[in-house]
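The structure appears right after this line, and notes come after that.
Numbering (my numbering), first residue to last: 6 to 185.
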(Lines of atoms letter the chains of each structure in order from A and count residues from 1; the text may use other names and numbers.)
(Lines give C-alpha, C1' and ligand atoms only; values in the text may rest on other atoms or scores of the structure.)
Protein backbone atom coordinates (compact mmCIF):
# COMPACT_ATOMS: atom_id res chain seq x y z
CA UNK A 1 0.00 0.00 0.00
CA UNK A 2 1.34 3.38 -0.95
CA UNK A 3 0.98 6.60 1.02
CA UNK A 4 -0.73 9.60 -0.60
CA UNK A 5 2.64 11.19 -1.48
CA UNK A 6 3.87 7.85 -2.86
CA UNK A 7 0.74 7.59 -5.01
CA UNK A 8 1.20 11.12 -6.34
CA UNK A 9 4.82 10.24 -7.11
CA UNK A 10 3.70 7.09 -8.93
CA UNK A 11 1.19 9.04 -10.98
CA UNK A 12 3.91 11.51 -11.90
CA UNK A 13 6.24 8.66 -12.93
CA UNK A 14 3.46 7.12 -15.02
CA UNK A 15 2.81 10.52 -16.62
CA UNK A 16 6.52 10.70 -17.54
CA UNK A 17 6.40 7.12 -18.97
CA UNK A 18 8.96 5.77 -16.49
CA UNK A 19 9.38 2.29 -18.01
CA UNK A 20 10.66 0.68 -14.80
CA UNK A 21 7.68 1.94 -12.80
CA UNK A 22 5.19 0.99 -15.53
CA UNK A 23 6.64 -2.53 -15.69
CA UNK A 24 6.65 -2.85 -11.90
CA UNK A 25 3.01 -1.77 -11.56
CA UNK A 26 1.95 -3.93 -14.52
CA UNK A 27 3.59 -7.06 -13.10
CA UNK A 28 2.63 -6.31 -9.49
CA UNK A 29 -1.11 -6.59 -10.13
CA UNK A 30 -1.36 -8.81 -13.23
CA UNK A 31 -1.69 -12.29 -11.70
CA UNK A 32 -3.95 -11.13 -8.89
CA UNK A 33 -6.21 -9.36 -11.38
CA UNK A 34 -6.40 -12.36 -13.71
CA UNK A 35 -7.21 -14.71 -10.83
CA UNK A 36 -9.77 -12.27 -9.40
CA UNK A 37 -11.53 -11.80 -12.75
CA UNK A 38 -11.46 -15.54 -13.47
CA UNK A 39 -13.09 -16.36 -10.14
CA UNK A 40 -15.52 -13.44 -9.92
CA UNK A 41 -16.85 -13.72 -13.46
CA UNK A 42 -16.03 -17.38 -14.20
CA UNK A 43 -13.98 -16.57 -17.26
CA UNK A 44 -10.76 -18.04 -18.60
CA UNK A 45 -7.32 -16.64 -17.90
CA UNK A 46 -6.74 -15.57 -21.53
CA UNK A 47 -9.74 -13.26 -21.31
CA UNK A 48 -8.46 -12.05 -17.94
CA UNK A 49 -5.06 -11.22 -19.40
CA UNK A 50 -6.62 -9.38 -22.36
CA UNK A 51 -8.87 -7.36 -20.04
CA UNK A 52 -5.95 -6.61 -17.71
CA UNK A 53 -3.77 -5.38 -20.55
CA UNK A 54 -6.55 -3.11 -21.84
CA UNK A 55 -7.28 -1.86 -18.32
CA UNK A 56 -3.64 -1.07 -17.63
CA UNK A 57 -3.37 0.80 -20.93
CA UNK A 58 -6.53 2.78 -20.08
CA UNK A 59 -5.15 3.66 -16.65
CA UNK A 60 -1.87 4.90 -18.16
CA UNK A 61 -3.77 6.90 -20.80
CA UNK A 62 -5.99 8.45 -18.12
CA UNK A 63 -2.93 9.52 -16.13
CA UNK A 64 -1.15 10.95 -19.17
CA UNK A 65 -4.23 12.86 -20.36
CA UNK A 66 -4.76 14.35 -16.91
CA UNK A 67 -8.03 12.51 -16.27
CA UNK A 68 -6.42 10.92 -13.20
CA UNK A 69 -4.43 13.36 -11.09
CA UNK A 70 -5.11 11.95 -7.63
CA UNK A 71 -6.66 8.83 -6.20
CA UNK A 72 -9.33 8.48 -3.55
CA UNK A 73 -8.51 4.76 -3.41
CA UNK A 74 -5.44 2.68 -4.21
CA UNK A 75 -3.99 2.40 -7.70
CA UNK A 76 -4.87 -1.30 -7.56
CA UNK A 77 -8.51 -0.53 -6.77
CA UNK A 78 -8.64 1.97 -9.62
CA UNK A 79 -7.09 -0.55 -12.03
CA UNK A 80 -9.42 -3.37 -10.94
CA UNK A 81 -12.40 -1.03 -11.31
CA UNK A 82 -11.42 -0.24 -14.89
CA UNK A 83 -11.04 -3.98 -15.54
CA UNK A 84 -14.42 -4.79 -14.05
CA UNK A 85 -16.08 -2.15 -16.22
CA UNK A 86 -14.24 -3.32 -19.34
CA UNK A 87 -15.28 -6.93 -18.69
CA UNK A 88 -18.92 -5.97 -18.14
CA UNK A 89 -18.91 -3.83 -21.30
CA UNK A 90 -17.40 -6.69 -23.29
CA UNK A 91 -20.00 -9.00 -21.78
CA UNK A 92 -22.83 -6.70 -22.88
CA UNK A 93 -21.39 -6.59 -26.39
CA UNK A 94 -20.99 -10.37 -26.45
CA UNK A 95 -24.63 -10.76 -25.41
CA UNK A 96 -25.64 -8.54 -28.32
CA UNK A 97 -23.58 -10.61 -30.77
CA UNK A 98 -25.08 -13.83 -29.39
CA UNK A 99 -28.59 -12.47 -29.86
CA UNK A 100 -27.77 -11.46 -33.43
CA UNK A 101 -26.18 -14.83 -34.19
CA UNK A 102 -29.25 -16.55 -32.77
CA UNK A 103 -31.56 -14.32 -34.81
CA UNK A 104 -29.60 -15.01 -37.98
CA UNK A 105 -29.37 -18.69 -37.22
CA UNK A 106 -30.99 -21.12 -39.59
CA UNK A 107 -31.31 -23.66 -36.81
CA UNK A 108 -34.93 -24.68 -36.32
CA UNK A 109 -34.90 -24.33 -32.53
CA UNK A 110 -32.70 -21.40 -31.54
CA UNK A 111 -31.74 -21.46 -27.88
CA UNK A 112 -32.13 -18.62 -25.43
CA UNK A 113 -29.11 -16.36 -25.39
CA UNK A 114 -29.18 -15.15 -21.81
CA UNK A 115 -26.94 -17.83 -20.32
CA UNK A 116 -23.54 -16.54 -19.14
CA UNK A 117 -21.87 -19.77 -20.22
CA UNK A 118 -23.00 -19.01 -23.78
CA UNK A 119 -21.38 -15.61 -23.59
CA UNK A 120 -18.14 -17.21 -22.45
CA UNK A 121 -18.40 -19.74 -25.28
CA UNK A 122 -19.00 -16.94 -27.76
CA UNK A 123 -16.01 -14.98 -26.54
CA UNK A 124 -13.85 -18.08 -26.78
CA UNK A 125 -15.19 -18.91 -30.25
CA UNK A 126 -14.59 -15.34 -31.45
CA UNK A 127 -11.03 -15.56 -30.17
CA UNK A 128 -10.56 -18.95 -31.86
CA UNK A 129 -11.88 -17.64 -35.18
CA UNK A 130 -8.73 -15.60 -35.60
CA UNK A 131 -8.25 -12.83 -38.12
CA UNK A 132 -9.85 -11.63 -40.31
CA UNK A 133 -13.14 -13.05 -38.97
CA UNK A 134 -12.65 -12.07 -35.35
CA UNK A 135 -11.65 -8.54 -36.31
CA UNK A 136 -14.48 -8.19 -38.85
CA UNK A 137 -17.19 -9.33 -36.43
CA UNK A 138 -15.86 -7.14 -33.63
CA UNK A 139 -15.79 -4.14 -35.95
CA UNK A 140 -19.34 -4.80 -37.14
CA UNK A 141 -21.07 -5.83 -33.90
CA UNK A 142 -19.00 -4.14 -31.18
CA UNK A 143 -17.86 -0.94 -32.87
CA UNK A 144 -20.88 -0.76 -35.19
CA UNK A 145 -18.68 -0.02 -38.19
CA UNK A 146 -20.34 0.07 -41.61
CA UNK A 147 -19.45 -2.48 -44.28
CA UNK A 148 -17.68 0.30 -46.19
CA UNK A 149 -15.56 1.17 -43.13
CA UNK A 150 -14.77 -2.51 -42.58
CA UNK A 151 -13.78 -2.94 -46.23
CA UNK A 152 -11.36 -0.03 -45.94
CA UNK A 153 -9.92 -1.11 -42.58
CA UNK A 154 -9.45 -4.74 -43.55
CA UNK A 155 -8.39 -4.08 -47.13
CA UNK A 156 -11.35 -5.63 -48.94
CA UNK A 157 -12.17 -4.64 -52.51
CA UNK A 158 -15.54 -3.13 -51.53
CA UNK A 159 -18.39 -3.29 -49.03
CA UNK A 160 -19.99 -6.25 -50.80
CA UNK A 161 -16.80 -8.28 -50.37
CA UNK A 162 -16.79 -7.36 -46.67
CA UNK A 163 -20.46 -8.40 -46.42
CA UNK A 164 -19.71 -11.76 -48.06
CA UNK A 165 -16.80 -12.30 -45.69
CA UNK A 166 -19.06 -11.41 -42.72
CA UNK A 167 -21.54 -14.05 -43.87
CA UNK A 168 -18.77 -16.67 -44.05
CA UNK A 169 -17.48 -15.64 -40.63
CA UNK A 170 -20.96 -15.86 -39.06
CA UNK A 171 -21.35 -19.30 -40.62
CA UNK A 172 -18.01 -20.43 -39.13
CA UNK A 173 -18.96 -18.94 -35.76
CA UNK A 174 -22.30 -20.78 -35.77
CA UNK A 175 -20.51 -24.04 -36.57
CA UNK A 176 -18.06 -23.47 -33.74
CA UNK A 177 -20.85 -22.64 -31.29
CA UNK A 178 -22.89 -25.68 -32.28
CA UNK A 179 -19.96 -28.01 -31.51
CA UNK A 180 -19.07 -26.40 -28.16
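Glycine included, every Cβ here is placed at the ideal spot set by N, Cα and C.
Within its own chain, the residues whose Cβ lies closer than 7 Å to the Cβ of residue 60, once the five positions on either side in sequence are excluded, are 84, 87, 88 and 91, listed in chain order.
Fewer than three beta-carbon pairs drawn from the segment 139-146 and the segment 56-70 are found closer than 8 Å, and the two stretches are therefore not classed as touching.
For a cut-off of 8 Å, the C-beta gap from residue 57 to residue 98 is around 18 Å, too long to register as a contact. Straight-line spacing of the CA atoms in residue 151 and residue 179 works out to 22 Å. Out of 94, 30 and 28, the CA that lies nearest to the CA of residue 148 is found in 94. Residue 127 places its beta carbon less than 8 Å from that of residue 182.
Nearest to residue 134 by alpha-carbon distance, out of 165, 157 and 177, is 177.
When secondary structure is reduced to three states using DSSP, residue 149 falls in the coil class, being assigned neither helix nor strand. In this model, residue 48 and residue 129 are separated by some 10 Å (Cα to Cα). Here the alpha carbon of residue 156 sits roughly 15 Å from the alpha carbon of residue 173.
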